[in-house]
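Structure first, then comments.
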Amino acid sequence: MGSYREQSIVQATNCVLGRDHRSNRKDQPLDSEINKDGHVWRYQDYGSVHLDQCMQYASDAGAIIITPYTIGQQGDNYWVHSVHMCCTYEWITNNGTNFAYDNVGGGQRSSSRNCMVGYIVR
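If you read the sequence shown in the working numbering, its first letter stands for residue 21, the second for the next number, and so on.
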């Protein structure tokens, strides 16, 4: 397993963004709102789903895949975007300090993990 790294939300850094090509919208409402570090987030926890479903939920809302730690909450086994998306699918573990991954063959679907998506409103 790998080592999870994080960085302050106010510090500029490179990031990984993804959009599901099956999505033809970006306006699906998200059901929750929270203020974290002076930013208002809209977010939704979809529970346990496959990674491709999570990516589509994010794309449909014009959002990104986040974890509870992104918005000051706690919870493990949430999907994160991987830099390397070829048959490896990552999720957070150990109170958000580490990650685990599926390494499946081409055309294989990921396991199911928790999915949270969100975006900053202001």
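Ideal placement from N, C-alpha and C gives every residue a C-beta, glycine not left out.
C-beta contact flag for H13 and S132 at 8 Å: Because residue 13 is not part of the residues shown, which for the chain are 21 to 142, the question remains open.
C-beta atoms of L50 and G138 nearer than 8 Å: yes
Q73: first and last residue of the uninterrupted alpha helix (DSSP H) it sits in: L71 to A81
The stretch 81 to 90 contacting the stretch 107 to 116, beta-carbon criterion three pairs below 8 Å: At 8 Å Cβ cutoff, the stretches touch.
Near the ligand FAD: C106 beta-carbon under 7 Å from a heavy atom: The ligand FAD is absent from the structure shown, which contains no ligand whatsoever.
Between the CA atoms of T108 and Q93 - distance to the nearest angstrom: 26 Å
Whether S79 touches S52 by CB criterion (8 Å): no
Cβ-Cβ distance between G95 and N34 below 8 Å: no
Neighbourhood of R129 by C-beta distance below 6 Å, restricted to the same chain and skipping five residues each side: H70
For G127 and E26, the rounded distance between their alpha carbons: 30 Å
Spatial distance of K46 from A81 (CA atoms): 5 Å
CA nearest to the CA of Q48, picked from W111, Y63, K56 and Y121: Y63
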